[in-house]
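Below: one structure, written as structure tokens.
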Amino acid sequence: MEEMQKHYSEKKFWAKLKRFAVKAGHSVVYTALLLFYTLQKPELPTKAKVTILAALGYFIFPFDLIPDIAAGVGFTDDLGALGVALFQVAVHVDEEVKGKAREKLADWFGEDVDTSEVDKKL
1 MEEMQKHYSE KKFWAKLKRF AVKAGHSVVY TALLLFYTLQ KPELPTKAKV TILAALGYFI
61 FPFDLIPDIA AGVGFTDDLG ALGVALFQVA VHVDEEVKGK AREKLADWFG EDVDTSEVDK
121 KL
């Protein structure tokens, strides 16, 4: 986990998300955005920050367990890592965080994006 933290930067996060958003799909993007906006909370405990930084670092890391360019399955490992992190920090994900993530998702994919699959796991 700590190894992946060093790969995180806000600039790299946005670059990867913008580049692969459509290919990654709504669930991956929404989960990543939830973690990103949760990370911005000033009162977030250090343990939660470390968890989020590790997951987002893995998401950004160019050499995944399953390469992102692999058709149909390239983001499976990313979603797994992001999902585990989201589950661990879910108590810190509030309506403000969800609203920001949904707003960004709507900017990229339109208003008809269904986030219920991820939301029901929170």
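First residue of the sequence shown? That's 1 in the UniProt record's numbering, and the numbers climb one at a time after it.
Ideal Cβ placement from N, Cα and C applies to all residues, glycine included.
In this structure, DSSP gives E103 a helical state, which the three-state scheme calls helix. Beyond the five residues adjoining it in sequence on each side, K6 comes within less than 8 Å, by CB distance, of G57 in the same chain, given in chain order. Judged by beta-carbon spacing, L35 lies within the 7 Å limit of A85, meaning their Cβ atoms are closer than that value.
Here L44 carries a coil assignment [DSSP, helix/strand/coil].
With contacts defined as CB atoms closer than 7 Å, A101 and Y8 fail to qualify as a contacting pair. DSSP places K121 in the coil class of the three-state scheme, outside both helix and strand.
Sequence-distant partners of L79 (beyond 5 residues in either direction) whose C-beta falls short of 7 Å from its own C-beta, in its chain, are S27, V28 and T31. The way I'd put it, the segment 38–45 does touch the segment 87–98; three or more beta-carbon pairs between them come closer than 8 Å. Of the residues Q88, L53 and D77, the one whose Cα lies closest to the Cα of L122 is Q88.
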